[in-house]
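>
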Ligand SMILES: NC(=O)c1ccc[n+]([C@@H]2O[C@H](COP(=O)([O-])OP(=O)(O)OC[C@H]3O[C@@H](n4cnc5c(N)ncnc54)[C@H](OP(=O)(O)O)[C@@H]3O)[C@@H](O)[C@H]2O)c1
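Numbering (the numbering used here), first residue to last: 8 to 608.
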């Protein structure tokens, strides 16, 4: 089919255009004259220039030869001039309906808004049968969309137009260039909010919405409406999800409603006095307390609406914010265009570091042995807009270490930073250790740092770059049950000290981070004395994002060493004065299961 698509460059339109093309349809994209439309770059589509509000423009002629129309164009900005919103959303729609009749269009998909229906609760979400919510009376966007939907229905009833009405909820996802749904994501990431209001809403992945709209071309029933949504989430949950995805602190304070309303009123007052548009005002404060939950059961059944995880949408939204220049998380520009190799970057601290560095503008290579997890992690980073390469290999093998370094050179033409992070932990008294445990831990934790460092060193010297070793509190003093692990981590200190002396004159920064027990991914395993892989047995005290922040800070300040925990620093200081005292304390803490012992390793 050939589809006349209005608003093709917006968040929804640009995703619909892609879904149409990949389903084998051809697209005639209706755009305002002279607009640049970066979201349509690289797409094979025909363009037609015109203005919906231009009465002299012959829409029917522009639609000639098309089988269907998808009308996405609208003013969605709640802060826009209400007169313009009404004009574009209602009068513009009337012109599209008339044009479609005149051009004998076989099917029209009109995009309304789920806000036209009464929302519900989590247990009983709203559906297509509820009337227009009283709370939105007088709100130009919501009311104009509602009336435009009613108009489309009238054309179906009275003039024989074959139209289907789709009403998306709050959409998030890729190609959000202005940004629309991504604005909430941007605000959270840039402002780092720790508070939230009580409300919530339905969040939809824009690609799922677009897919259902393409299906509606032949599966939608004439005159019917379909809510196209995703997950019902409170704002606290929603911001918590973004925080988890991007490695930020989640909001943990729910603001009391009166305080939210008071802040909204104060903001509106400032707006009235200064004339300056305030993003937060009394009206928005009121909406932020509402829970607008919807069900898309009808669209799932009749249009095959998919329900992808909203996390996917959030990752792609972050990617879009970065792609179109709306998110700058590193004002210093320190990492911009630097190439970083992170061994063991497929999960845990390595992945968190790769994510943080790429969010700050670095290009990253991640490596690990397990290819599936590695590629999943690469895809996650890519969705968040990272320039990333992934190399499967074992840091304890010279050829693989060379491959990792070469990947950075081939993909980015340089290597500035090496983070030796890959490592395995072990548990068991030395007298009981299987020889394979000794071999595996030494090879990964020591040889696995020596080989990548040797393979990378001349490239790092060339750029006066950085080499960081990820050690442990166990690299500061010995711990029972972790002898080989401690030995390898302590060896890194000796390696770093020697290399520092060789490389200071060449301007290379060498750093060692002594991590405390950090949050681990569910699939993390350590090696038991009999060489079996077992889950870690110590509680975590710090997040991976916190560890990543430390590493980032170390790079920026070219710090030589960092001890993660105050207890570790204290232990290290006392150990230098009296090793016997620390030994006694550790043995006593271990035998009495004193919690502090668990903080060491
Ligand atoms: N988490 C903590 O509490 C803690 C505390 C102190 C120090 N550290 C140190 O911090 C670093 C990261 O720890 P983590 O908790 O994030 O570990 P993790 O979740 O187990 O991740 C380790 C990473 O290293 C990779 N890896 C392991 N052996 C490898 C090998 N031979 N070749 C290539 N890649 C290999 C793993 O992927 P594959 O298995 O697929 O290869 C994975 O990507 C380690 O050096 C660890 O010793 C951690």
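We put the CB at the ideal spot given by N, CA and C, even for glycine.
Which term fits residue 411, buried or exposed, when burial requires 16 or more other beta carbons within 10 angstroms of its beta carbon?
It is buried - the Cβ of residue 411 has at least 16 other Cβ atoms within 10 Å.
> Look up residue 338 in the DSSP assignment and say whether it is helix, strand or coil.
In this structure, residue 338 counts as coil in the three-state DSSP scheme.
> Taking 8 Å as the limit between beta carbons, can you name the residues of its chain near residue 113, skipping five residues before and five after?
Closer than 8 Å at the Cβ level, and outside the excluded window around residue 113, lie 74, 75 and 169.
> Give a yes or no on contact between the stretch 188-196 and the stretch 265-272, applying the rule of three or more CB pairs nearer than 8 Å.
No, because fewer than three Cβ pairs between the stretch 188-196 and the stretch 265-272 fall closer than 8 Å, the two stretches do not touch.
> Suppose you measure from the CA of residue 292 to the CA of residue 86; what does that come to, to the nearest Å?
Straight-line Cα distance between these residues: approximately 14 Å.
> What whole-angstrom Cβ distance do residue 569 and residue 520 have, given they're in contact under 8 Å?
About 5 Å separates the two Cβ atoms, so the contact holds.
> Mapping the DSSP letters down to three states, classify residue 570 as helix, strand or coil.
Looking at residue 570 - three-state DSSP - the assignment turns out to be strand.
> Under 8 Å between the Cβ atoms of residue 561 and residue 224?
Result no, Cβ atoms of residue 561 and residue 224 do not sit closer than 8 Å.
> Nearest by alpha-carbon distance to residue 325: which of 79, 106, 152 and 367 is it?
For residue 325, the nearest C-alpha among the options comes from 367.
> Look at residue 188 and residue 200 and say whether their C-beta atoms are less than 8 Å apart.
Taking 8 Å as the Cβ cut-off, residue 188 and residue 200 do not qualify as a contacting pair.
> How big is the Cα-Cα spacing for residue 443 and residue 350?
If I take the Cα positions, the gap works out to 22 Å.
> Looking only at its own chain, which residues have a Cβ that is under 6 Å from the Cβ of residue 121, when we skip the five neighbours before and after it?
These residues qualify, in order along the chain: 174, 176, 234 and 301.
> Which word fits residue 608, buried or exposed, when buried means at least 16 other C-beta atoms lie within 10 angstroms of its C-beta?
A caution first: residue 608 carries a pLDDT of 41, below 50, which makes its placement in the model unreliable, though a value can still be read off. So residue 608 counts as buried.
> Starting from the C-beta of residue 297, find all residues in its chain whose C-beta is less than 6 Å away, skip the five residues before and the five after it, and write them out in chain order.
The residues are 206.
> Quick one: what's residue 535 bridged to in DSSP?
Answer is 434.
> DSSP state of residue 117, grouped into three classes?
Strand at residue 117.
> Going by beta-carbon coordinates alone, are residue 373 and residue 402 separated by less than 8 Å?
For residue 373 and residue 402, no; Cβs fall outside 8 Å.
> Take the Cβ of residue 204 as the centre, count every other Cβ of all protein chains shown within 10 Å, and call the residue buried at 16 or more, exposed below.
Counting Cβ neighbours within 10 Å, residue 204 comes out buried, since at least 16 surround it.
> Just to check my reading of the structure: residue 47 and residue 36 have Cβ atoms closer than 8 Å, yes? What is that Cβ distance to the nearest angstrom?
Right, their Cβ atoms sit about 6 Å apart.
> Quick one: what's residue 210 bridged to in DSSP?
Paired residue(s): 177 and 238.
> Would residue 491 pass as a contact of residue 457 if the rule is Cβ separation under 8 Å?
Their beta carbons are not under 8 Å apart, which means residue 491 does not touch residue 457 by this criterion.
> Short of 6 Å in beta carbon distance, which residues of its chain neighbour residue 477, apart from the five on each side in sequence? Order them along the chain.
Result list for residue 477: 428 and 520, in chain order.
> Thinking just about the alpha-carbon of each residue, which of 594, 80, 30 and 210 is nearest to the one in residue 148?
Measuring from the Cα of residue 148, the nearest candidate turns out to be 80.
> Are there three or more Cβ pairs, one per stretch, closer than 8 Å when the stretch 95-102 is compared with the stretch 58-73?
Judged by Cβ distances under 8 Å, the stretch 95-102 makes contact with the stretch 58-73, as three or more pairs qualify.
> Kindly indicate which three-state DSSP category residue 251 falls into: helix, strand or coil?
Residue 251 falls in the helix class under three-state DSSP.
> Determine the DSSP secondary structure at residue 274, reduced to helix, strand or coil.
If DSSP states are grouped into helix, strand and coil, residue 274 belongs with the helices.
> Going by Cα to Cα distance, which pick from 162, 451 and 249 is closest to residue 7?
The requested residue 7 is not part of the displayed model; the chain covers only 8 to 608.
> Can you check DSSP and say which residues form a bridge with residue 83?
Note: residue 83 sits in no beta bridge, so no partner.
> Under the three-state reduction of DSSP, which class applies to residue 521: helix, strand or coil?
The answer is strand: DSSP assigns residue 521 an E or B state.
> In chain order, which alpha helix (DSSP H) runs of at least 4 residues are fully inside the stretch 280-325?
Listed in chain order, the complete alpha helix (DSSP H) runs (minimum 4 residues) inside the stretch 280-325 are 289-295 and 304-310.
> Would you report the Cα separation of residue 590 and residue 563, rounded to the nearest angstrom?
Looking at the two C-alpha atoms, the distance is approximately 35 Å.
> Count the other CB atoms, across all protein chains shown, that sit within 10 Å of the CB of residue 433; report buried if there are 16 or more and exposed otherwise.
By the 10 Å Cβ count, residue 433 comes out buried.
> Would you call the CB atoms of residue 159 and residue 109 closer than 8 Å?
No, the pair does not count as a contact, with Cβ atoms beyond the cut-off.
> Along the chain, where does the alpha helix (DSSP H) that runs through residue 67 open and close?
Counting along the chain, the alpha helix (DSSP H) containing residue 67 begins and ends at 66-70.
> Alpha carbon to alpha carbon, how far is residue 471 from residue 363?
So the alpha carbons of these two residues sit roughly 22 Å apart.
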